[in-house]
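Read the structure below first, then the notes.
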Amino acid sequence: MKVIPLGVNGAFTKYYHNNYVFELGERKLLVDAGTTLRYSLKEAGYEETDITDVIITHLHSDHVGGLEEFAQRCKWIHNHKPNLWVRGRMMDELEEVVGKGLFTDGLTLNDYFNVFTVECGFRNRFKIGVYAIELIETDDLHAKNMKSFGLNIESPNEENILFTSDIAKHEQAVFKHFVTYKTVALFHDVSIVRNPVHSYLEDVVNYYKDVIDLNKIYAMHYQDDINIEALEKQYGVHFVRPRKVYEF
Ligand SMILES: [Zn+2]
Numbered sequence: 001m002k003v004i005p006l007g008v009n010g011a012f013t014k015y016y017h018n019n020y021v022f023e024l025g026e027r028k029l030l031v032d033a034g035t036t037l038r039y040s041l042k043e044a045g046y047e048e049t050d051i052t053d054v055i056i057t058h059l060h061s062d063h064v065g066g067l068e069e070f071a072q073r074c075k076w077i078h079n080h081k082p083n084l085w086v087r088g089r090m091m092d093e094l095e096e097v098v099g100k101g102l103f104t105d106g107l108t109l110n111d112y113f114n115v116f117t118v119e120c121g122f123r124n125r126f127k128i129g130v131y132a133i134e135l136i137e138t139d140d141l142h143a144k145n146m147k148s149f150g151l152n153i154e155s156p157n158e159e160n161i162l163f164t165s166d167i168a169k170h171e172q173a174v175f176k177h178f179v180t181y182k183t184v185a186l187f188h189d190v191s192i193v194r195n196p197v198h199s200y201l202e203d204v205v206n207y208y209k210d211v212i213d214l215n216k217i218y219a220m221h222y223q224d225d226i227n228i229e230a231l232e233k234q235y236g237v238h239f240v241r242p243r244k245v246y247e248f
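Quick look at the structure:
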């Protein structure tokens, strides 16, 4: 599978938000749709029509602010209807966020997307192509009173990629338990300054270093214009680059 960061930075970046395309065989899964998506998707070489599946991990604007426009463009310009995988517990809130703009003239989310309701946990795994997707709950672990989740994406040969999305209290989440000798990458939210809603880089390194090779950690959602080469040297983790194709 291939992982392409459309952007890698935080909510207030002057660049692009931390949104991703996962190329899973023939399927192309968009993970999060921030307000910069209208530029970042094209700059990475994608059209809306390339995207077959969409997952929104939580409802901050750098993750969902571009979804309404994406949906409008898919429907009215391209007559394209992607799959939208929505965590059931977040459906009402998602509809509240995008519905004011989308639900005109009696339209519903189902007019823009093939909507699938899914839940967190092993028993609720679902397939995109041959890949098994599991939502990993992180409610209150990114921002208090916010529902959120990360992802475990597993190939048929049981290699997996973990993706935390935004998180602060990583030690209370269960991502560590998903790490096996077959884990190929852990995409983790990091901040290089202490921050109440994002994990601190040094804490992430110390927390995971016993269970995963540090060169399998891909730091994301970091501050603009930091010296990532120096930090990579210092900590031994990767900092993801926008539009670079990561193939696993
Ligand atoms: Zn967030």
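When we follow full-length UniProt numbering, the leftmost residue of the sequence shown carries the number 1, and every step to the right adds one. Glycine included, each C-beta is placed from N, C-alpha and C at the ideal position. Note that the coordinates shown come from a computational prediction; the quantities given were computed from them, not determined experimentally.
Three-state secondary structure (DSSP) of residue i
i    : result
I212 : coil
D189 : strand
T35  : coil
A168 : coil
E159 : coil
A173 : coil
F126 : strand
I228 : helix
V184 : strand
T117 : strand
Y46  : coil
V245 : coil
A143 : coil
Y207 : helix
I77  : helix
V54  : strand
H63  : helix
T104 : helix
Selected residue, minimal CA-CA separation from residue i, among the options
i           : options                  : result
L41         : E247, M1 and P242        : P242
N124        : N114, F22, V86 and N160  : V86
N110        : E247, G10, P82 and V197  : P82
V115        : Y131, K100, G106 and E95 : E95
K216        : E159, R194, T108 and R38 : E159
K147        : V3, D92 and L162         : D92
G66         : K75, Y39 and D189        : Y39
E154        : T104, Y16, T183 and S165 : T183
T84         : I226, T36, N157 and D32  : What sits at residue 84 in the sequence shown is Leu, not Thr. Out of I226, T36, N157 and D32, D32 has the C-alpha closest to the C-alpha of L84.
K169        : P156, T35 and L141       : L141
residue 250 : I51, G99, A143 and Y181  : A question about residue 250 goes unanswered here, because the residues of the chain that appear run from 1 up to 248.
K2          : T138, I161, T104 and S61 : I161
Contact test: residue i Cβ vs ligand 1 heavy atom, cutoff 7 Å
i    : result
D166 : yes
H170 : no
H58  : yes
H63  : yes
H142 : yes
Bridge-paired residues (DSSP) for residue i
i    : result
F22  : V3 and L29
E137 : F149
H238 : Y218
H17  : N9
Y200 : S191
R87  : V118
A132 : K127 and E154
C-beta contact flag for residue i and residue j at 8 Å
i    : j    : result
A185 : L201 : no
D224 : T13  : yes
E43  : H78  : no
R27  : D53  : yes
I55  : L29  : yes
I167 : N152 : no
V237 : V193 : no
Y20  : L6   : yes
H177 : D189 : no
E68  : G101 : yes
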